[in-house]
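S.K.:
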Amino acid sequence: MSITQNLKKKMLEIVIQMQQDNYFDLNFDIKKLNFVLAEPNLSQKNNSAVVYDLSSNLAFVLKTYKKINPIQIAQDISNKLATYKLIKQIDVTTPGFLNIILDDSAFIEIISNINSQKQNYAKNISEKRKINVEYVSANPTGFLHVGHVRGAVFGSSLVNVYKHVGYDVEAEYYINDAGNQIEVLANSLWVRYKNLYSEEKVEMPEESYQGEDIIWAAQELYKLYKDEFLTLNKTKKIKLKNIAIEIFLNKIKNDLAKLNVYFDTFSSEKVVLQSDLINKVLVQLNQHTYQKDGALFLKTTTFGDDKDRVLIKNDANNTYLLPDIAYHLTKLQKADYLVNIWGADHSGYVARMKIALQALGYNADKLEVLIIQLVRLIKDGVEFKMSKRAGTSITLSDLLNVVSADIIRFMMLTRDISNKFDFDIDFVNSNDSNNPVYIVQYGYSRTLSLLKKLTTPQLQKNIIFSNKAKKIIISLDLFIDLLKTIVDSAKVNLLSQYLLNLVKLFNSFYEETRLQGHEFESSYAAMVLAVKYVMKLALDLMGINAPETM
């Protein structure tokens, strides 16, 4: 547990005691008390030259339950908190902040804690929970393109965080290997293959995939099977479909590996359809379905939907919804909680899937769907328009040829997924002070360079760190809170913001502090070592390599 968390725990204990003493006018659930203890952001009204380490809004949160000035509430809490061993000084400032100066021993404890745990810092800080995270799940009908990359990077980083804090996580890819798109793929592949390796030429179907990836797949098909598919029958057509899926799925796996994205499980839509899962789902949904005009409907309006949804069409074919429900049922049988990461084009699908789970008897809150907003690719200041079927998409392979995987991952994690993102190739490849990737990687390599020059890291009992050093140490301590926030909010982009802020603090400290020959050189070396460990950990969670030199 971090120093900050220990302090928050102590503050909660004080509030509980105040409840027991009937201090408050209204009752409230202490577990739902949401207050902040973080680095100060003091009001301009406070002109004090005192530099505080931490500040809390606890009194503002509590004023709902005690009809007095929050300054008085803060003062009452301060009186009880002042004797806590890790606090040197606590002041109340208008309009009611609790401002804390930590005891010097607290900074030693923070650094010691990090350096003893190393890459295990902040590990297993959450209760055990079994989570299934499904992401990417791109149709195996072509290469991955830029639109898939953001979800791949975000999903893999979220999985990394979940695993680090102690969750039992399964990263899953759902293969959409059934339906009309596979028919279109097989037809497109066969025509390209036929036209490349036969004198008899065939017209490309109107509904087809026409990109370079289909030509590539035709070449791969010929390498593996030579002339076998130049003539087709029903059996060969089925085999060709399976081969087409396999060719592209292997390519997808290989490209994702280059981006440092891996999965524990690959599940097949075709397997779902061929099993008895569909019938089981229909039996379980029986009381919530009805027949109309030869089609089977799910009564989703009962659960607040704007219209009922078709499960089986009047031609006896399933809609996409039915096998998707069956697939989610299989995931719920092996996990406590599901996280789906979908593209913006699937946002309208979220409510009906949650409703379907409710109809099956599950709590809809067991499924969280995170929507990834669009990525625009910018080159020479101009947006590159993409279309998969027209073959004008920029693929992941193309992108990796001009931008490193580390840069792609970092940049994709600089913005919240709820916001659209412009990926500017010229900017991300620039090695200057405005490039966030360069800033962070250079900052990390600086810690390693410093450690080679400094004496052996060892904390001295009489060390009094400078104010700038204290800011760095507090930031390191708050990393645990950061991971808890990411787990609760899925805002993985907070990692990149954290790293940029930490590097900014570290650079400011470095520029005005000569460490070699300093009275407390070994203690500052221990601090630099702690910075290195936390930066490396954050980069690992983002799936990014930490370069030793720049």
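For the sequence shown, counting from 1, position 197 maps to 186 in our numbering; every step adds exactly one.
A virtual CB, placed ideally from N, CA and C, is assigned to each residue, including glycine.
Give the C-beta separation of residue 608 and residue 62 to the nearest angstrom, bearing in mind that I take them to be a contact with Cβ-Cβ under 8 Å.
M.R.: Nothing about residue 608 can be read from this structure; the chain reaches only from -10 to 539.
S.K.: Return the chain-ordered list of same chain residues with a C-beta closer than 8 Å to the C-beta of residue 4, the five sequence neighbours on each side being excluded.
M.R.: What you label residue 4 is simply residue 15 of the sequence shown in a count that begins at 1. 19, 22, 47, 51 and 66, listed in sequence order.
S.K.: I need the boundaries of the alpha helix (DSSP H) containing residue 246, first residue and last residue.
M.R.: Walking along the sequence shown from the start, residue 246 turns up at place 257. Looking at the DSSP string, the run of the alpha helix (DSSP H) that includes residue 246 is 223 to 247.
S.K.: Reducing DSSP to helix, strand and coil, say where residue 210 ends up.
M.R.: Counting from one through the sequence shown, the residue named residue 210 turns up at place 221. Residue 210 falls in the helix class under three-state DSSP.
S.K.: Does the distance from the CB of residue 307 to the CB of residue 301 come in under 7 Å?
M.R.: Along the sequence shown, read from residue 1 onward, the residue named residue 307 stands at position 318. Along the sequence shown, read from residue 1 onward, the residue named residue 301 stands at position 312. In contact: residue 307 and residue 301 (Cβ atoms closer than 7 Å).
S.K.: Mind the definition here: the segment 139 to 155 touches the segment 217 to 237 only if three or more C-beta pairs lie below 8 Å; say whether that holds.
M.R.: Contact between the segment 139 to 155 and the segment 217 to 237 is absent, because fewer than three Cβ pairs lie under 8 Å.
S.K.: On a CA-only basis, which of 357, 332, 334 and 486 is nearest residue 344? Give me that one, please.
M.R.: Mapped onto the sequence shown, residue 344 falls at position 355. Checked all of 357, 332, 334 and 486; the closest Cα to residue 344 is 357.
S.K.: Can you check whether the CB of residue 99 is closer than 7 Å to the CB of residue 466?
M.R.: By 1-based counting over the sequence shown, the position of residue 466 is 477. By 1-based counting over the sequence shown, the position of residue 99 is 110. Yes, Cβ-Cβ distance for residue 466 and residue 99 is below 7 Å.
S.K.: Check each candidate in 282, 310, 287 and 324 and name the one with the smallest Cα separation from residue 304.
M.R.: The count along the sequence shown starts at 1 and reaches residue 304 at position 315. When each option's Cα is compared against that of residue 304, the closest is 282.
S.K.: In whole angstroms, what separates the C-alpha of residue 501 from that of residue 514?
M.R.: Taking the first residue of the sequence shown as position 1, residue 501 is located at position 512. Taking the first residue of the sequence shown as position 1, residue 514 is located at position 525. In a straight line, the C-alpha of residue 501 is about 16 Å away from that of residue 514.
S.K.: I believe residue 166 touches residue 129 by the beta-carbon criterion, under 8 Å. Please report the beta-carbon distance rounded to the nearest angstrom.
M.R.: Sequence index remark: in the sequence shown, residue 166 carries index 177 (1-based). Sequence index remark: in the sequence shown, residue 129 carries index 140 (1-based). With a Cβ gap of about 6 Å, residue 166 and residue 129 count as contacting.
S.K.: Give every residue of the same chain whose Cβ lies closer than 7 Å to the Cβ of residue 394, excluding the five residues on either side of it in the sequence, and list them in chain order.
M.R.: The residue given as residue 394 occupies position 405 in the sequence shown. Excluding residues within five positions, the ones whose Cβ falls inside 7 Å are 247, 248 and 249.
S.K.: Could you give the uninterrupted runs of the alpha helix (DSSP H) lying entirely in the segment 352 to 410, keeping only those of 4 residues or more?
M.R.: Counting whole runs of 4 or more residues, the segment 352 to 410 contains the alpha helix (DSSP H) stretches 385 to 391 and 394 to 401.
S.K.: Measure the C-alpha to C-alpha separation of residue 202 and residue 335 and round it to an integer number of angstroms.
M.R.: If you number the sequence shown from 1, residue 202 lands on position 213. If you number the sequence shown from 1, residue 335 lands on position 346. Taking the straight line from one Cα to the other gives about 25 Å.
S.K.: Can you tell me where the alpha helix (DSSP H) with residue 442 in it begins and where it stops?
M.R.: As a working mapping, residue 442 is identified with position 453 in the sequence shown. That run of the alpha helix (DSSP H) goes 425 to 442.
S.K.: Compute the distance between the beta-carbons of residue 460 and residue 494, then report whether it is under 7 Å.
M.R.: Residue numbering aside, residue 460 sits at position 471 when the sequence shown is read from its first letter. Residue numbering aside, residue 494 sits at position 505 when the sequence shown is read from its first letter. Yes, these two residues count as a Cβ contact at 7 Å.
S.K.: If distances are taken between C-alpha atoms only, which option among 27, 114, 15 and 262 comes closest to residue 477?
M.R.: Taking the sequence shown and counting its residues from 1, one reaches residue 477 at position 488. Residue 114 is the option with its Cα nearest to residue 477.
S.K.: Give, in chain order, every unbroken run of the beta strand (DSSP E) that is at least 3 residues long and sits entirely within the segment 290 to 337.
M.R.: Taking only runs of at least 3 residues, the beta strand (DSSP E) segments lying wholly in the segment 290 to 337 are 298 to 301 and 326 to 332.
S.K.: Could you tell me which of 401, 204, 112 and 173 sits nearest to residue 363, measuring between CA atoms?
M.R.: Within the sequence shown, numbered from 1, the residue matching residue 363 stands at position 374. Of 401, 204, 112 and 173, the residue nearest in Cα terms is 401.
S.K.: Could you spell out where the beta strand (DSSP E) holding residue 44 opens and where it closes?
M.R.: Looking up residue 44 in the sequence shown gives position 55. 43 to 45 is the extent of the beta strand (DSSP E) around residue 44.
S.K.: Using a Cβ distance threshold of 8 Å, determine whether the segment 175 to 185 contacts the segment 270 to 288, with at least three qualifying pairs required.
M.R.: With the cut-off at 8 Å, the segment 175 to 185 and the segment 270 to 288 do not touch.
S.K.: Helix, strand or coil: how does DSSP classify residue 257 here?
M.R.: Here the question's residue 257 lines up with position 268 in the sequence shown. In this structure, residue 257 counts as strand in the three-state DSSP scheme.
S.K.: Once you ignore the five residues that flank residue 95 on each side, which residues in its own chain have a CB closer than 7 Å to its CB?
M.R.: As a working mapping, residue 95 is identified with position 106 in the sequence shown. Result list for residue 95: -8 and 75, in chain order.
S.K.: Would you mind reading off the limits of the beta strand (DSSP E) that contains residue 278?
M.R.: To locate residue 278, count along the sequence shown from 1; it is residue 289. 278 to 281 is the span of the beta strand (DSSP E), which, as asked, contains residue 278.
S.K.: Taking residue 488 as the reference, which of 389, 211 and 433 has the closest Cα?
M.R.: Counted from its first residue, the sequence shown places residue 488 at position 499. That would be 433, whose Cα lies nearest to the Cα of residue 488.
S.K.: Measure the beta-carbon distance from residue 60 to residue 71 and round it to whole angstroms, keeping in mind my assumption that it falls under 8 Å.
M.R.: The residue you call residue 60 lines up with position 71 of the sequence shown. The residue you call residue 71 lines up with position 82 of the sequence shown. Not a contact, Cβ separation roughly 16 Å.
S.K.: Are there 16 or more other CB atoms within 10 angstroms of the CB of residue 565, so buried, or fewer, so exposed?
M.R.: A query on residue 565 cannot be resolved here, the shown segment of the chain reaching from -10 to 539 and no further.
S.K.: Name the two residues that bound the continuous alpha helix (DSSP H) containing residue 103.
M.R.: What you label residue 103 is simply residue 114 of the sequence shown in a count that begins at 1. Run containing residue 103: 93 to 106, per the alpha helix (DSSP H) assignment.
S.K.: Name the residue from 456, -5, 485 and 361 whose alpha carbon lies nearest to the alpha carbon of residue 409.
M.R.: The sequence position of residue 409 within the sequence shown is 420, counting from 1. With distances taken between Cα atoms, residue 409 lies closest to 361.
S.K.: I'd like the span of the beta strand (DSSP E) that includes residue 286, first residue to last.
M.R.: Residue numbering aside, residue 286 sits at position 297 when the sequence shown is read from its first letter. Its beta strand (DSSP E) spans residues 284 to 287.
S.K.: Quick check on residue 161: does DSSP put it in helix, strand or coil?
M.R.: Against the sequence shown, residue 161 aligns to sequence position 172. Residue 161 falls in the strand class under three-state DSSP.
S.K.: Output the distance between the C-alpha atoms of residue 398 and residue 424, rounded to the nearest integer angstrom.
M.R.: Counted from its first residue, the sequence shown places residue 398 at position 409. Counted from its first residue, the sequence shown places residue 424 at position 435. One C-alpha to the other measures close to 14 Å.
S.K.: My guess is that residue 219 and residue 187 are in contact by the Cβ rule of under 8 Å, so how many angstroms apart are they, rounded?
M.R.: One-based indexing of the sequence shown puts residue 219 at position 230. One-based indexing of the sequence shown puts residue 187 at position 198. At roughly 5 Å, the Cβ-Cβ gap stays under 8 Å, so residue 219 and residue 187 are in contact.
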